[in-house]
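Protein chains in written order, with this note's numbering: chain A, 1 to 318; chain B, 1001 to 1318.
Single-structure report; data block below.
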Ligand SMILES: [Ca+2]
Ligand SMILES: [Ca+2]
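Dropping the structure here:
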C-alpha cells in the first residue's frame, strides 16, 4: 500500500490541502465550538461522532463503484468453474467485456452479480479475496491502485477530527466486509467503526472448524433511509457530524443535523472534471440533486472540489 | 443509580472480590501473557477484545429475564389502551398476574409480549421507557433495583481488563436498545460496544421530525449461533476472550477459543443458592448443560460462584 500508517501529510498544518475557503472555515468553526469547554455548543468527547460515506466521499466512484469492478473481476476469475455463465446474463455480458449491457438489468443484475461473487464463501475467504484484489487491480483511467484513489483533503479531515477527540466512522452503501480489510490502514478507521451493507451470514462448524459463511442474499442495505438505521444499530448514538456526496446520504445528513445541539452536515460536490470527475444531478452514480436543492437552506456545507481542494489524490492521479 | 461512575471497588486491588482460586489465576495468567510485549502470546491492544454475555453473566436473570419483567410491567401499564387484552393470551394471564400461564405458550408467547411492548414506538420513546422502568422497578425477591443486581466480581473483571487495554463488549440475547440506556453508567460499556437482539427499525420524517421507529417484528436474535454473527457484524474482528453462563453462549466461546493465538473462554456457573441462585442443566432460564460437559476439555474456565466469589452484588442483596 502507498497510503500507510504514517500519513503522507504528517507534519503539515491540519487541512493544508484545503483552500482557505468557506467550507474549511465552516468545518474549523464547528470543531472549535464543540471542542471548547465552556462553549454553549460544547460536546463531550464521547459524543463527538462523525460519520462518513465512502464511495465518492472518501474515495472515487467513477467510472463505476469500485466494489462493482471487484465483482466484475471476480466473475472473470470464477468463470472457469461456471461454464453456464457463458449463456446466462448478466454474466455473459460481463465475460464479453460489455459491462454496460450487463448492468442494463439494473438492480436485479447488480444483485445477481453481487450474490454470485460475494456469497457462498466464508468471511475469511472473502476478506482474502478483497485484499488480494486491492493489491493487484488498477483503475482503468489512472492506473492507480483503488486504495490510492482516496481524497487527500478527506484523509486530512479524518485526522483533524480525531486530533480533536472525534470518533470517525464510515457509513457506506458499500459492503461492510469489502471495506473492513483495508479501512484501518488507509483511513485510520478500524473494523468496528465501519458500517455498511451486508449479506446474510451464518455460523457453522465445518469439519470441526468454526466458520462464518456468507449467503448469496442481501441482509441490509445501508443507503438512503437505511443509513440512520445502520448508525442506530452499530453506534447507538446520534452523530454530530455527517459527510456525504449524493442523495443516498440525504437522510443521514437530515437525521444528524436535526439533533438538538450543534451539528454539521457536509456534502462533497464533484466539480472537477480535470483532476477527478464532474457530476451531480444527472449522474447514475453518486446522483446529487435534492442535496444541492435543499442543502444550503438546511445549513449544510457544500464543498466545491475544484475550487476548495488544492490536491485531490495523495499521489497525484488523473 | 447506586452503581455510579466511580466504582464501588475503586482503590481496591484488582479482582479483590474474587477468591484466590483457579479461575482468578487463569484469568490473570491469560491477561498477563497477552499484555506482555515479547511474550509469544502477545496481542496488540487494538485486538484485545473481550465479549460478555449479559443475563446471568453480568447481572442476575432469576426468577426470569429482567427484560421479560419489563415487558410484563409494560403490559400492565399499557392495558388501559388495550381493553382487548383482557380476553387475549398471553396478555390476559399477565394481567391476572399468572406469568407462568402467560409463558406456557413458549417462544410465540414471548414474541407476542415483546412485539406488543417493544414495537410501534420510536427509539427515543423506548429509551425513555426502559430508563424510567429501571429507576422505579424493584426485584421481587431482593427489593433491589435491577441495575443493582449486577455482579461485583464481574464489574471488577471489566475494569481489570480495561486497565490492561482490553475493549469490553456486551454480546447478549437481550435487546440492544433495552441495554444501551444504562450499560455505560453501570458497566462502563458505551452504547457502541453493546451487541444484542433487535427489532426491525425504520427511518421516517414525522411532522418534519426525523424519527426512528421500532416495528413489532424481530430483526435479529443474538443468541447461540447468532452470537458469532452479531460479533462479526458489529465488531468485525474475532475477540480473544468470551464470557458467558449458559449454552446460549456455547458458539460464542467455541468461535473465540478456536482462533489462532491465545484466547480464553469463561463460564459463570450459578452454584450459590444462598447469595444468588443455583441452577444449570435443568433450568429453563440460563440452561447450562453442554458447556459443563465440554467446557473443561476445551480449556474453558468454569467459575464456581459460591466458592470463588467473596461477594456477589455490590450492595449485598439476597
Ligand atoms: Ca457516496
Ligand atoms: Ca446468559
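Note that beta-carbon positions come from the ideal geometry of N, C-alpha and C, so glycine has one too.
- When 9 angstroms is used as the limit between beta carbons, residue 46 of chain A is near these residues of chain B: 1184 and 1190, in chain order.
- Measuring C-alpha to C-alpha distances from residue 164 of chain A to each of A:199, A:218, A:48 and A:23 identifies A:48 as the nearest.
- Our two residues, residue 154 of chain A and residue 1230 of chain B, have alpha carbons roughly 30 angstroms apart in a direct line.
- Residue pairing by DSSP puts residue 55 of chain A in a beta bridge opposite A:59.
- Residue 110 of chain A: member of the alpha helix (DSSP H) spanning 106 to 118, first to last residue.
- The C-alpha of residue 1296 of chain B lies about 7 angstroms from the C-alpha of residue 1302 of chain B.
- A direct Cα-Cα distance of roughly 8 angstroms separates residue 1156 of chain B from residue 1017 of chain B.
- Per the Cβ contact rule, the segment 249 to 268 of chain A is in contact with the segment 26 to 43 of chain A (3 or more Cβ pairs under 8 angstroms).
- Taking 8 angstroms as the Cβ-Cβ cut-off, the segment 1205 to 1220 of chain B approaches chain A at 1205, 1209, 1210 and 1212, given in chain order.
- Residue 1090 of chain B counts as buried, since at least 16 other C-beta atoms from the protein chains shown sit within 10 angstroms of its C-beta.
- Per DSSP, reduced to three states, the secondary structure at residue 219 of chain A is strand.
- Here residue 1206 of chain B is not near residue 1246 of chain B, since their CB atoms are 7 angstroms or more apart.
- Residue contact check for residue 1129 of chain B against chain A: no CB pair falls below 7 angstroms.
- Chain-order list of chain B residues neighbouring residue 180 of chain A: 1236, by C-beta distance under 7 angstroms.
- Here residue 241 of chain A is bridged, per DSSP, to A:50 and A:264.
- The nearest non-hydrogen atom of ligand 1 is 6 angstroms or more from the C-beta of residue 271 of chain A.
- Inside the segment 1253 to 1303 of chain B, DSSP marks whole alpha helix (DSSP H) runs of 4 or more residues at positions 1290 to 1294, from first to last along the chain.
- When the beta-carbon positions are compared, residue 1211 of chain B and residue 1217 of chain B stay at least 7 angstroms from each other.
- The set of residues with CB atoms less than 5 angstroms from any heavy atom of ligand 1 reads, in chain order, A:53, A:55, A:56, A:245 and A:246.
- In the three-state scheme derived from DSSP, where H, G and I count as helix and E and B as strand, residue 1189 of chain B is classed as coil.
- Within chain A, the C-beta atoms nearer than 8 angstroms to that of residue 1229 of chain B come from 201, 202, 203 and 212, in chain order.
- For residue 1286 of chain B, the distance from the CB to the nearest heavy atom of ligand 2 is below 6 angstroms.
- Note: residue 202 of chain A is bridge-paired with A:213 in the DSSP secondary-structure output.
- Taking C-beta separations shorter than 7 angstroms and ignoring five residues to either side along the sequence, the partners of residue 1239 of chain B in its chain run 1049, 1050, 1051, 1231 and 1256, following chain order.
- Contact of residue 1232 of chain B with chain A by beta-carbon distance below 8 angstroms involves 123, 201 and 212.
- Taken through DSSP and simplified to helix, strand or coil, residue 131 of chain A comes out as helix.
- Between the alpha carbons of residue 314 of chain A and residue 152 of chain A lies a gap of roughly 5 angstroms.
- In this structure, DSSP gives residue 16 of chain A a state outside helix and strand, which the three-state scheme calls coil.
- Residue environment: residue 42 of chain A is assigned as exposed (fewer than 16 neighbouring CB atoms within 10 Å of its CB, all protein chains considered).
- Rounded to the nearest angstrom, the gap between the Cα atoms of residue 248 of chain A and residue 1013 of chain B is 52 angstroms.
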